[in-house]
Amino acid sequence: MAIVTIGADDELATRAREFHDEMLDGYRYLVRTIRYTAKSFLHMLTMQGGVDTAKTLLRGTSTSDGFVRLWEENMLAHSVEASVIKPQYELLFTDQERRTAQMRLQAHGFDVEGFLRSLN
Numbered sequence: 001m002a003i004v005t006i007g008a009d010d011e012l013a014t015r016a017r018e019f020h021d022e023m024l025d026g027y028r029y030l031v032r033t034i035r036y037t038a039k040s041f042l043h044m045l046t047m048q049g050g051v052d053t054a055k056t057l058l059r060g061t062s063t064s065d066g067f068v069r070l071w072e073e074n075m076l077a078h079s080v081e082a083s084v085i086k087p088q089y090e091l092l093f094t095d096q097e098r099r100t101a102q103m104r105l106q107a108h109g110f111d112v113e114g115f116l117r118s119l120n
């Protein structure tokens, strides 16, 4: 017998919408600030939604071209990986997905702990 938590689905849906909106806002910000138009990312985001887009990117064995571009521009705080590790989105991703995001960021010199502290 499954235990049903009232409001759990609503919370998940709300967080998923917030994550999707954050991905769109981040895309727009990067277009404005570094003139980066990631057309394939925007297409994925439009077709799959934010959470599924992130999961697809995290399944890849290496970093995406977009991640590399953000690293080159010192903008990893605006990457999908940085959003995935934010505490408010923890319930959207598995522990492995969050570890993958964190490891990619750290492998490129990103201060994950400092980033997470800055969110408070």
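Just so it is clear: in the sequence shown, position 66 is 66 by our numbering, and no numbers are missing.
Cβ atoms here follow ideal geometry from the backbone N, Cα and C, with glycine treated the same way.
Predicted model, so just to flag it, every value in this text is computed and none were measured.
Assess contact between the segment 111–120 and the segment 49–62, defined as three or more Cβ pairs (one per stretch) separated by less than 8 Å. Is contact present? no
Sorted by chain position, which residues of the same chain lie with C-beta nearer than 6 Å to residue 2's C-beta, five sequence neighbours on each side aside? Note that residue 2 has pLDDT 48, beneath the 50 cutoff, so the model's placement of it is unreliable and the number below is only indicative. Once the five neighbours on either side are set aside, residue 2 has no close Cβ partner at all.
Leaving out the 5 sequence neighbours to the left and right, which residues in its chain are closer than 7 Å to residue 89 when beta-carbon positions are compared? 15, 19, 83
Taking the straight line between their C-alpha atoms, what separation do you get for residue 10 and residue 92? 12 Å
Do residue 38 and residue 29 have their CB atoms nearer than 8 Å? no
Report the three-state DSSP secondary structure of residue 109 (helix, strand or coil). coil
Please classify residue 64: is it buried, with 16 or more other beta-carbons within 10 angstroms of its beta-carbon, or exposed? buried
Please name the residue, chosen from 60, 69, 70, 73, that lies closest to residue 96 on a Cα-to-Cα basis. 60
Going by DSSP, what residue range makes up the alpha helix (DSSP H) through residue 122? Because the chain is modelled from 1 through 120, residue 122 falls outside the range shown and cannot be assessed.
Could you pull out every residue in the same chain whose Cβ sits closer than 8 Å to the Cβ of residue 23, ignoring the five residues on either side in sequence? 45, 50, 53, 54, 80, 83
In three-state DSSP terms, what is residue 66? helix
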